[in-house]
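In our numbering, the protein residues as written are 4 to 208. Working notes, structure below.
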């Protein structure tokens, strides 16, 4: 047996030992979701609103049509018909924004920084026909009442500011067992010295 294969086997044995051996410690000091920060549990309402317009989104409008579907039956958002429909929705959204700003002074479409680092308006056409609205000084409650009565509006929803819940998967991956291992040094030192990389392109549809 080569030294390389032997080293791999030894490493596997050590990992299994860390995971399986300290089962007796698993019930002591196991972190739970409640151990995380409270603001990671309670979603808070932001100052923005989500406005859904009456016209169906691209996915809904073309769900039973073959013109915008590829040969495998999936929606092709790059097809000519699909792009034409998206352009139609964008025109309707622009008209709505103009009408909105005439009755809600200071209101505007919310923006975000996309994966290219550029500012972009938060409007949606593919799976949802609507946009995120910043009501400005008028406030969300009054703006919601006005927006709900406007022509072409299907619904108005509060926009929630969600915090990442970093403690929800620990039980699933059996992390507490490893954390309580003497080889790791206990929960207080778990992860010390570990390096990792995270790559996220973002999803905005």
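Beta carbons: idealized from backbone N, C-alpha and C, even for Gly.
Item, Value
"Limits of the beta strand (DSSP E) - the one that residue 135 falls within", "133 to 137"
"Through-space distance from residue 115 to residue 58, alpha-carbon basis", "24 Å"
"Exposed unless 16 or more other CB atoms sit within 10 angstroms - verdict on residue 199", "exposed"
"Any beta strand (DSSP E) of 3 or more consecutive residues that is wholly inside the region 154 to 178", "156 to 164"
"Whole-Å CB distance - residue 112 paired with residue 136, under 8 Å assumed", "6 Å"
"Beta-carbon spacing of residue 120, residue 54 below 9 Å", "no"
"DSSP-derived helix/strand/coil call for residue 111", "strand"
"Pair within 9 Å by beta-carbon distance, residue 184 and residue 130", "no"
"Pair within 9 Å by beta-carbon distance, residue 56 and residue 146", "no"
"Cut-off 6 Å between Cβ atoms - residues of its own chain near residue 197, not counting five sequence neighbours on either side", "none"
"Helix, strand or coil at residue 105 [DSSP, three-state]", "helix"
"Backbone CA spacing between residue 93 and residue 144 [nearest angstrom]", "26 Å"
"Residue 142 vs residue 50 beta-carbon contact at 9 Å", "yes"
"Straight-line Cα distance separating residue 179 from residue 85", "49 Å"
"Run of the beta strand (DSSP E) containing residue 52, from where it starts to where it stops", "47 to 56"
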